[in-house]
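*Asks:* Number 86 in full-length UniProt numbering belongs to position 86 of the sequence shown; there are no gaps in the numbering. Ideal Cβ placement from N, Cα and C applies to all residues, glycine included.
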Amino acid sequence: MEKYQEIFDRSLNNPEEFWAEAAESISWYKKWDVVLDSSDPPFYRWFRGGELNTCYNAVDRHVENGHGDRTAVIYDSPVTDTVRKISWAELRDQVARLAGALKKQGAEKGDTTIIYMPMIPEALVAMLACARLGVIHSVVFGGFAADELAIRIDHAQPKMILCASGAVEGKKILAYKPLIDAAIERAEHKPEKTIVFQRDFLRADLGQPGDLDWQELVKDAEPADCVPVAAADPLYILYTSGTTGMPKGVLRDNGGHAVALHWSMKNIYNVEPGDVYWAASDVGWVVGHSYIVYGPLLYGCTTVVYEGKPVGTPDAGAFWRVIEQHKVKVLFTAPTAFRAIKKEDPKGLLLKKYDLFRFKALFLAGERLDPDTYCWARNLLDVPVIDHWWQTETAWAVAANPLGIEQFPVKPGSATKPVPGYDVRILDYAGKELGSGEEGNIAVKLPLPPGTLATLWRNDDRFVQSYLSVFPGYYETSDEGYVDEDGYVFVMGRIDDVINVAGHRLSTGAMEEIVAAHPQVAECAVIGVDDALKGQKPLGLAVLKAGAECDEEKLKEELVQMVRTRIGPIACYRDTVVVSRLPKTRSGKILRGTMRSIAAGKKYRMPSTIDDPSCLGEVASALEMIGYPVEHS
Numbered sequence: 001m002e003k004y005q006e007i008f009d010r011s012l013n014n015p016e017e018f019w020a021e022a023a024e025s026i027s028w029y030k031k032w033d034v035v036l037d038s039s040d041p042p043f044y045r046w047f048r049g050g051e052l053n054t055c056y057n058a059v060d061r062h063v064e065n066g067h068g069d070r071t072a073v074i075y076d077s078p079v080t081d082t083v084r085k086i087s088w089a090e091l092r093d094q095v096a097r098l099a100g101a102l103k104k105q106g107a108e109k110g111d112t113t114i115i116y117m118p119m120i121p122e123a124l125v126a127m128l129a130c131a132r133l134g135v136i137h138s139v140v141f142g143g144f145a146a147d148e149l150a151i152r153i154d155h156a157q158p159k160m161i162l163c164a165s166g167a168v169e170g171k172k173i174l175a176y177k178p179l180i181d182a183a184i185e186r187a188e189h190k191p192e193k194t195i196v197f198q199r200d201f202l203r204a205d206l207g208q209p210g211d212l213d214w215q216e217l218v219k220d221a222e223p224a225d226c227v228p229v230a231a232a233d234p235l236y237i238l239y240t241s242g243t244t245g246m247p248k249g250v251l252r253d254n255g256g257h258a259v260a261l262h263w264s265m266k267n268i269y270n271v272e273p274g275d276v277y278w279a280a281s282d283v284g285w286v287v288g289h290s291y292i293v294y295g296p297l298l299y300g301c302t303t304v305v306y307e308g309k310p311v312g313t314p315d316a317g318a319f320w321r322v323i324e325q326h327k328v329k330v331l332f333t334a335p336t337a338f339r340a341i342k343k344e345d346p347k348g349l350l351l352k353k354y355d356l357f358r359f360k361a362l363f364l365a366g367e368r369l370d371p372d373t374y375c376w377a378r379n380l381l382d383v384p385v386i387d388h389w390w391q392t393e394t395a396w397a398v399a400a401n402p403l404g405i406e407q408f409p410v411k412p413g414s415a416t417k418p419v420p421g422y423d424v425r426i427l428d429y430a431g432k433e434l435g436s437g438e439e440g441n442i443a444v445k446l447p448l449p450p451g452t453l454a455t456l457w458r459n460d461d462r463f464v465q466s467y468l469s470v471f472p473g474y475y476e477t478s479d480e481g482y483v484d485e486d487g488y489v490f491v492m493g494r495i496d497d498v499i500n501v502a503g504h505r506l507s508t509g510a511m512e513e514i515v516a517a518h519p520q521v522a523e524c525a526v527i528g529v530d531d532a533l534k535g536q537k538p539l540g541l542a543v544l545k546a547g548a549e550c551d552e553e554k555l556k557e558e559l560v561q562m563v564r565t566r567i568g569p570i571a572c573y574r575d576t577v578v579v580s581r582l583p584k585t586r587s588g589k590i591l592r593g594t595m596r597s598i599a600a601g602k603k604y605r606m607p608s609t610i611d612d613p614s615c616l617g618e619v620a621s622a623l624e625m626i627g628y629p630v631e632h633s
C-alpha cells in the first residue's frame, strides 16, 4: 500500500501542488493565477484565472498531435444493426460544423441548451459542440416524460433544444418530438429553436415555430473555432434524477472537471491513450457525461457508444460480443446489468462463444455491488471486478480500487479505499467522527477535489443547505456506511429518500407526490425495497380517502400509469399496498425507515416515539400477504 498511501497523503496534505501537477496534462490558453481559491468558503474554486476549452482538450488537440486517423468513437447499435467508427479528425469536423450551425442560430458563450438524445454519436457531438462555444449544456435522458422535461426547461431556460427524432426502446419505436412539443407547451420558458436530428427509421414533423432540421443546418455550416472560457465557467448542468418541484441542477466547471477526469482515467481505470474504454450507460446520467464523453476523450481513449441492452439485443451475450469485437480493455457499467445477464445466463454459457483476451477489468457503480453478483462476475470473467462509489454531484469516484496506482485485495461489499483528493470521514448525527467499524454518515472534508460540483444552478443557498449545512466544513453525501480497520469504505445505503433503481437515482418523494395526487388517495408513502435484479425498487403504501369506494386492483394499475407518465418507465413502480393508516411518530413523521426494515425481512425495534404501535402490525401483515419476507418483532 506504500505507493497509494504516498499519493493519497500528498493529495490531502498539499492539494495545490498535487492538482497543479495533474493540470499540466491539460492544454491551457492561460495558466491559472491560483490553484485553489479558498477566499470564499464553502465556495472553493479550482484554477482561478486559468482559461481553457474542454472541447479543444477532448478533440482538437489529439488531431493536432498527429492522431487524427485514430478511432475516437465506436458506435455499436444492435437495435438498428449499425456499427460505425469515427476518427478523431472526423469527430472534430462534425463537432466544429454543428458548433458553427449553433453559432449561426444565435448560440453564444454563457447561453444554455437542453440535449434530449438517445445513445447515438450525435449526442456526444451535441455536448462537445456546446462546450466548443462555451454554451452550457443540460442533457436530459431521452424519453423522459414531458412533465419532467418541462420542469427542466423552466429551470435551465435553454435558448435551444437539440434532440433526435426518436429511439428504439425494446421492440417499440419511441418518438421524441411529441414529448418535446408537449413539454414546451407546458413550460413557461419557450426555447427559441428546436434542432432535430432525423433518424432513418423515424422522421419528426417539424411544424412548430423554431423547428429546424439538424442535417440541413450542418450541411453547409461554417466550422466554429473553440472559445476560451474561464476555468470556473460552467460546462454543464445535470439534474439529479427524479426531482420534481424545484430541481437540483448540479453545476460543473470546465477547469477542475477536465483535470480530474483526465487524472482518473489512468489512476483509477489503468488505461492508456489509444485503449478502448466502454462505459455501458447513457449520456443522460453522470456516468455518460464523465466516462462515455469527457473522461475517455480527454485522455485520448477510444470510447464506445452502445445503443442496446445487456440482454435482449439479442441475448445475454451482447456485452461479450461488444468486448471481443471492439477489443475493449475496460468496461464500466451498473451492477443491475450484470444481475440481468446472470438471470438470463446463470452459468455464463454464452461467454464461451467469445474471446476476451484484451479485456482487463470490470468496474461497477451506480448502486451497491452485492457480494453474490461480485463473485459471479469475478469467477466468470477472471479479471478484477471493481466496485467503486461516487455520485452525480462528485462526477468521479470518491472510493475505488485504484488499478493505475495500486491494486488492493477486494473485500466484497466494499468500494475499497478513498480516492486521492477525497478526505472521507464517518460522522454521527452530532458531527462527531466515529471509529473504524462504526456505521454513520459518510462525509467528505472540504475542500472537495477538482471536478466535483461547484454549486447548484442559480441556487447557491440551496447548494449550502442541501450539502454543507448539516456538518459544517464537510460535504454531506447522504449515504451511510463505515470504514473498517484496513481503511476500506463500505457504503450501506441512502439516508434520504433517494433510491437506486437499476443504477438510476430516483426520488421516492417525487413518486409520493404522484401517488398522493390520485383522487382516491388520502395519504401515502413510497419506500425503496431490495430487489434481486434492480438493486432497489419502489413500493407504495396508500391510505384511501374516508368513504371511498375503490377497486384496489384498478387503483394500483392507475398509479403505475401515473408514475410512468410523470417520471417514466425507469421508475419501475409496480407495487402498491392499501392500508388503513401509516405508522407515524407523535410529531407526525412517517416511519419510513421502520417500514423499509419490515419489507426487507429485518428485525425492527418499536420506535419509542410511535403514535400507534398497531399500525406497524397492519403494514407487516399487508406486506406479508404480497410476498415480502416479514420478520415479526
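Count the other C-beta atoms from every protein chain shown that fall within 10 angstroms of the C-beta of Ile598, then say buried if there are 16 or more, exposed otherwise.
*Replies:* It is buried - the Cβ of Ile598 has at least 16 other Cβ atoms within 10 Å.
*Asks:* Would you check if the distance between the CB atom of Ile499 and the CB atom of Pro449 is smaller than 9 Å?
*Replies:* no
*Asks:* What residues match up with Lys85 in a beta bridge as DSSP calls it?
*Replies:* Ile74
*Asks:* Should Trp19 go down as buried or exposed, given a rule of 16 or more other Cβ atoms within 10 Å for buried?
*Replies:* buried
*Asks:* Nearest-angstrom Cα distance between Asn53 and Ile114?
*Replies:* 20 Å
*Asks:* With DSSP collapsed to three states, give me the class of Asp428.
*Replies:* coil
*Asks:* With respect to the beta strand (DSSP E) encompassing Gly535, which residues constitute its N-terminal and C-terminal limits?
*Replies:* Gly535 to Leu544
*Asks:* Indicate the three-state DSSP secondary structure (helix, strand or coil) for Cys163 in the structure shown.
*Replies:* strand
*Asks:* Is the separation between the beta-carbon of Thr112 and that of Pro158 shorter than 9 Å?
*Replies:* yes
*Asks:* Under DSSP, the beta strand (DSSP E) around Asp282 begins and ends at which residues?
*Replies:* That residue, Asp282, is in no beta strand (DSSP E); it is neither H nor E in DSSP.
*Asks:* Considering only the alpha carbon of each residue, which of Glu324, Ala525, Asp233 and Val543 lies closest to Ile455?
*Replies:* The sequence given here has Thr at residue 455, not Ile. Taking only the C-alpha atoms, the option nearest Thr455 is Asp233.
*Asks:* Tell me, please, whether the region 523 to 533 touches the region 322 to 332 by the rule of three or more beta-carbon pairs shorter than 8 Å.
*Replies:* no
*Asks:* Locate the beta strand (DSSP E) running through Ile292, then write down its first and last residues.
*Replies:* First-last for Ile292: undefined, no H or E at that position.
*Asks:* Let me know if Lys177 comes out buried or exposed under the rule of 16 or more other beta-carbons within 10 Å of its beta-carbon.
*Replies:* The Cβ neighbour count for Lys177, taken over all protein chains shown within 10 Å, is at least 16; the residue is labelled buried.
*Asks:* May I have the straight-line CA-CA distance separating Glu439 from Ala365, to the nearest angstrom?
*Replies:* 21 Å
*Asks:* Buried or exposed for Leu124, going by 16 or more other Cβ atoms inside 10 Å?
*Replies:* By the neighbour-count rule (16 or more Cβ atoms within 10 Å), Leu124 is buried.
*Asks:* Near Tyr269, what residues of its chain come up, given a Cβ to Cβ distance below 6 Å and the 5 sequence neighbours on each side ignored?
*Replies:* Val330
*Asks:* Between which two residues does the beta strand (DSSP E) carrying Ala492 extend?
*Replies:* The sequence shown places Met at residue 492, not Ala. Looking at the DSSP string, the run of the beta strand (DSSP E) that includes Met492 is Val489 to Arg494.
*Asks:* Between Tyr488, Ser25 and Glu272, which lies nearest to His388 when the distance is taken from Cα to Cα?
*Replies:* Tyr488
*Asks:* What's the gap between the Cα of Thr80 and the Cα of Lys172?
*Replies:* 12 Å
*Asks:* Compare the beta carbon distance of Glu24 and Gly106 with 9 Å and say whether it is the shorter of the two.
*Replies:* The answer is no: Cβ separation not under 9 Å.
*Asks:* Starting from Leu206, trace the alpha helix (DSSP H) both ways and give me its first and last residue.
*Replies:* It is not in any alpha helix (DSSP H) - Leu206 carries neither H nor E in the DSSP assignment.
*Asks:* Considering only residues of the region 410 to 473, which uninterrupted beta strand (DSSP E) runs meet the minimum length of 3 residues and lie entirely inside it, listed in chain order?
*Replies:* The region 410 to 473 contains these whole beta strand (DSSP E) runs: 424 to 427 and 440 to 445.
*Asks:* In the DSSP assignment, what residue or residues form a beta bridge with Trp389?
*Replies:* According to DSSP, which records beta bridges pairwise, Trp389 is partnered with Ala399.
*Asks:* Is it the case that the Cβ atoms of Leu102 and Ile195 are separated by a distance below 9 Å?
*Replies:* yes
*Asks:* Would you check if there are 3 or more beta carbon pairs closer than 8 Å linking the region 569 to 588 to the region 542 to 551?
*Replies:* yes
*Asks:* Which value, in whole angstroms, describes the spacing of the CA atoms of Gly242 and Ala510?
*Replies:* Confidence at Gly242 is low in this model, with a pLDDT of 39, below 50, so the placement of that residue should be treated as unreliable; the coordinate-derived value is given next. Gly242 and Ala510: Cα-Cα distance of roughly 6 Å.
*Asks:* By how many angstroms is the C-alpha of Tyr239 removed from the C-alpha of Ile151?
*Replies:* 10 Å
*Asks:* Near Leu212, what residues of its chain come up, given a Cβ to Cβ distance below 8 Å and the 5 sequence neighbours on each side ignored?
*Replies:* Within the same chain, Leu212 has close Cβ partners Gln105, Lys193, Thr194, Ile195, Val196 and Leu206.
*Asks:* Let me check understanding here. Comparing Cα to Cα, which of Ser39, Ala316, Arg592 and Trp376 lies closest to Tyr354?
*Replies:* Taking only the C-alpha atoms, the option nearest Tyr354 is Ala316.
*Asks:* Are the region 290 to 298 and the region 115 to 135 touching by the rule of at least three beta carbon pairs closer than 8 Å?
*Replies:* yes
*Asks:* Which of helix, strand or coil does DSSP assign to His262?
*Replies:* helix
*Asks:* Sorted by chain position, which residues of the same chain lie with C-beta nearer than 7 Å to Leu91's C-beta, five sequence neighbours on each side aside?
*Replies:* Val59, Ala72 and Val73
*Asks:* Which runs of the alpha helix (DSSP H) spanning at least 4 residues fall entirely within the region 320 to 345, listed in chain order?
*Replies:* 335 to 344
*Asks:* Going by C-alpha distance, which of Val630, Val515 and Glu513 is nearest Val529?
*Replies:* Val630
*Asks:* When you compare the CB positions of Ile527 and Met595, do they come within less than 9 Å of one another, or not?
*Replies:* yes
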